[in-house]
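Trainee:
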Amino acid sequence: MIKMAVLGFGNIGSGLVQLVTENADIIEKDLGCKLDIKYIVDLRDFKGHPLENKMVKDFNIVLSDPEVSIVAEMIGGSHPAFEYSLAALKAGKCVVTSNKEVVANFGEVLLQTAKENKTAYLFEAAVGGAIPIIRPMRESLSSDVISEINGILNGTTNFILTKMISEGMSFDDALQLSRDLGYAEANPSADVDGIDSCRKIAILSALAYKTVFPCDKISTQGIRQISKRDAEDAAEISCAIKLIAHTKKMDDGKILINVAPRFTELDSPLFAVNDVFNGILVSAKASGDIMFYGRGAGKIPTAGAVLADIAEIAKHMSCGQIPPVLWKRDDGEGLYDSKLEITRFYCRVKGDKIPENASIVSRKDGQSSFVTPVMDEYQLNEMLKNFEIVSEIRFMK
Ligand code: HSE
22 MIKMAVLGFG NIGSGLVQLV TENADIIEKD LGCKLDIKYI VDLRDFKGHP LENKMVKDFN
82 IVLSDPEVSI VAEMIGGSHP AFEYSLAALK AGKCVVTSNK EVVANFGEVL LQTAKENKTA
142 YLFEAAVGGA IPIIRPMRES LSSDVISEIN GILNGTTNFI LTKMISEGMS FDDALQLSRD
202 LGYAEANPSA DVDGIDSCRK IAILSALAYK TVFPCDKIST QGIRQISKRD AEDAAEISCA
262 IKLIAHTKKM DDGKILINVA PRFTELDSPL FAVNDVFNGI LVSAKASGDI MFYGRGAGKI
322 PTAGAVLADI AEIAKHMSCG QIPPVLWKRD DGEGLYDSKL EITRFYCRVK GDKIPENASI
382 VSRKDGQSSF VTPVMDEYQL NEMLKNFEIV SEIRFMK
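Quick note: the sequence shown, position 131, residue 152 per our numbering, numbers continuous.
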């Protein structure tokens, strides 16, 4: 029997407990032994809960119990999730997590500690919810050269954009619904302002280029400024507005990473990724374009990804360590200036004039919208210096 502990009995933690209980027979067949949740660590009281006998408040009980070989960190936030994960790895336990904040901020330390202690730190659920993306990145694609990744990595914002644009729902109602459905972060500003997508693309970029950058140095925009008129103009030219997280290795060796709403064209595989779904388009030298698609948020889909990591660890217990993945931290020196990214821009300005070389999209209500030729953001600012700008949204390319 394999014994584990779940840290945090919130949305994903309780989903994991539910899944391990409901799938007990399938798990036993798959692993060749039973998987037992010995402890659930949470500071809150769960008086009368059917699992009350497993509930403990003191993490040290888990740490000092040699029977516990796997710790599922489902606490969320950086602290004490990082300290608990580090202590568990140093105690020789394997750690699995859905906590993208910890992986983005402290992944290099935890991965190195896992390596030194011959254990494992796995985080499939930290990016893309139910989508297996971390495992393909660290296994199938590890010897390929990743040229770029474009992803819709946040289920909440994709859900909100879909509801607002297709169903005419207000931003506030769509956000509330995404909270009710268990998609949004405890503080939904992390979703809406692009921070969650930023953490996730920082992780994918670290897997692709073996370097992680501080999230506060990564150019990040959310979806608050997207208006109905932007969406109507996008539809007019067969585009959809998606919050895209992007990373690319540039010719000078620097890494471009940004998160921004983008006009996404009909021929992009990301165009039809709607609702809470995520889509991740990985472009690699040998493999070409590979598209990953699935539910990007939600209690049970995310718990399913955590369970996949637990199964991988359990299967390796009798046959050696999972090959470790490592990355180094860069304080931002190696980041490419996001404003130098060459792309087209959708712009809306006051009045009926538009710049030369731009293609008109619509002219109404005293405002004109247009699409620019390919250029960088410095050139765009120069081009628009005599215009009163209302909206500015990048294209995918
Ligand atoms: N709030 C996140 C999202 C949860 O909406 O994508 C999954 O990481």
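The beta carbon of each residue, even a glycine, is placed where N, CA and C say it ideally should be.
On a predicted model such as this, the values are computed, not experimentally measured, just so you know.
Please state if the CB of Asn175 and the CB of Asp217 are separated by a distance shorter than 8 Å.
Mentor: Yes, the pair counts as a contact, with Cβ atoms nearer than the cut-off.
Trainee: Hey, would you say the C-beta of Tyr142 is under 7 Å away from at least one heavy atom of the ligand HSE?
Mentor: Every heavy atom of the ligand HSE is 7 Å or more from the Cβ of Tyr142, so no.
Trainee: For Ala329, name the three-state secondary structure that DSSP assigns.
Mentor: Reduced to three states, the DSSP call for Ala329 is helix.
Trainee: Compute every distance between the C-beta of Ala205 and the non-hydrogen atoms of the ligand HSE, then say whether any falls below 7 Å.
Mentor: Because some heavy atom of the ligand HSE lies under 7 Å away, the Cβ of Ala205 counts as near it: yes.
Trainee: How many angstroms separate the CA atom of Met404 from the CA atom of Leu132?
Mentor: Taking the straight line from one Cα to the other gives about 46 Å.
Trainee: Between the alpha carbons of Ala102 and Leu72, how many angstroms are there, rounded?
Mentor: Cα to Cα, Ala102 sits roughly 22 Å from Leu72.
Trainee: Note down the Cα distance separating Ile262 from Glu122, rounded to an integer number of angstroms.
Mentor: If I take the Cα positions, the gap works out to 26 Å.
Trainee: Between the alpha carbons of Val346 and Ala147, how many angstroms are there, rounded?
Mentor: So the two alpha carbons sit approximately 15 Å from each other.
Trainee: Below 8 Å on the Cβ atoms is my contact criterion, and I expect Leu28 with Ile96 to pass it. Report the Cβ-Cβ distance as a whole number of Å.
Mentor: Confirmed, Cβ separation roughly 5 Å.
Trainee: Does DSSP put Arg283 in a helix, in a strand, or in coil?
Mentor: Reduced to three states, the DSSP call for Arg283 is strand.
Trainee: Within a Cβ cutoff of 6 Å, which residues of the same chain sit near Asp214, ignoring the five residues on either side of it in sequence?
Mentor: Result list for Asp214: Gly243, in chain order.
Trainee: In chain order, what residues of the same chain have a beta carbon less than 6 Å from the beta carbon of Asp254, not counting five sequence neighbours either side?
Mentor: Excluding residues within five positions, the ones whose Cβ falls inside 6 Å are Val382, Ser383 and Ser390.
Trainee: Would you mind working out which of Ala252, Glu104 and Ser259 sits nearest Leu182, comparing C-alpha positions?
Mentor: It is Ala252 whose Cα lies nearest to the Cα of Leu182.
Trainee: Decide if the segment 345-361 is in contact with the segment 203-212; the criterion is three or more beta carbon pairs, one per stretch, under 8 Å apart.
Mentor: Short answer: they don't touch.
Trainee: With DSSP run on the structure shown, which of helix, strand or coil describes Ala10?
Mentor: What is shown of the chain runs 22 to 418, which leaves residue 10 out entirely.
Trainee: Is it right to say Val166 is buried, meaning 16 or more other beta carbons lie within 10 angstroms of its own, or is it exposed?
Mentor: Exposed is the call here.
Trainee: Does the separation of the CB atoms of Gln388 and Arg415 fall below 8 Å?
Mentor: No, the Cβ-Cβ distance between Gln388 and Arg415 is not below 8 Å.
Trainee: Determine the DSSP secondary structure at Lys238, reduced to helix, strand or coil.
Mentor: Three-state result, Lys238: helix.
Trainee: Kindly provide the ranges of any alpha helix (DSSP H) runs that are 4 or more residues long and lie completely inside the segment 83-128, ordered along the chain.
Mentor: Runs of the alpha helix (DSSP H) inside the segment 83-128: 102-111.
Trainee: For Ala326 versus Glu145, is the C-beta distance shorter than 8 Å?
Mentor: Yes, these two residues count as a Cβ contact at 8 Å.
Trainee: Taking the alpha carbon of Lys269 as the reference point, which residue from Ile222, Gly113 and Leu162 has its own alpha carbon closest?
Mentor: Ranking Ile222, Gly113 and Leu162 by Cα distance to Lys269 puts Ile222 first.
Trainee: Need the endpoints of the beta strand (DSSP E) that Ile414 sits in, please.
Mentor: Per DSSP, Ile414 belongs to the beta strand (DSSP E) from Ile410 to Phe416.
Trainee: Report the start-end ranges of each beta strand (DSSP E) in the segment 143-198 that is 3 residues or longer and not cut off at the edges.
Mentor: Entirely contained in the segment 143-198, the beta strand (DSSP E) runs reaching 3 residues are, in chain order, 167-173.
Trainee: Which residue's Cα is closest to the Cα of Ala233: Gly315, Ile47, Lys406 and Gly355?
Mentor: The sequence given here has Val at residue 233, not Ala. Of the listed residues, the one whose Cα sits closest to Val233 is Gly355.
Trainee: Quick check: does the Cβ of Ala318 come within less than 7 Å of any heavy atom belonging to the ligand HSE?
Mentor: Yes, since a heavy atom of the ligand HSE falls inside the 7 Å radius drawn around the Cβ of Ala318.
Trainee: Would you list the residues sitting across from Phe366 in a DSSP beta bridge?
Mentor: Answer by DSSP bridge pairing, in chain order: Arg415.
Trainee: How is Asp388 classed by DSSP in three states: helix, strand or coil?
Mentor: In the sequence under discussion, the amino acid at residue 388 is Gln, which differs from the Asp named in the question. Strand, per DSSP.
Trainee: Hey, would you say Ile91 sits closer than 8 Å to Ile23, going by beta carbons?
Mentor: In this structure, Ile23 lies closer than 8 Å to Ile91 by Cβ.
Trainee: Let me know the secondary structure DSSP gives Leu40 once reduced to three states.
Mentor: Leu40 falls in the helix class under three-state DSSP.
Trainee: Taking the C-alpha atoms as reference points, what is the distance between Ile343 and Ala318?
Mentor: Rounded to whole angstroms, Ile343 to Ala318 spans 26 Å at the Cα level.
Trainee: Who are the Cβ neighbours of Ser412 in its own chain at under 8 Å, not counting the five residues just before and after it?
Mentor: Gln246, Ser248, Arg250, Asp251, Tyr367, Cys368, Arg369 and Ser390, listed in sequence order.
Trainee: Contact defined as beta carbons within less than 8 Å: I believe Ile173 pairs with Leu287. What is the distance between those atoms, to the nearest angstrom?
Mentor: Not quite, the Cβ-Cβ distance comes to about 15 Å (not below 8 Å), so this is no contact.
Trainee: Are the CB atoms of Phe313 and Ile152 within a distance shorter than 8 Å?
Mentor: Against a cut-off of 8 Å, the Cβ pair of Phe313 and Ile152 comes out as a contact.
Trainee: Taking Asp79 as the reference, give the member of Arg316, Tyr60 and Lys374 with the closest Cα.
Mentor: Ranking the options by Cα distance to Asp79, first place goes to Tyr60.
Trainee: On the DSSP bridge assignment, give the partners of Met396 in chain order.
Mentor: According to DSSP, Met396 bridges with Thr364.
Trainee: Name the DSSP bridge partner or partners of Ile343?
Mentor: BP columns for Ile343 are empty, so no partner.
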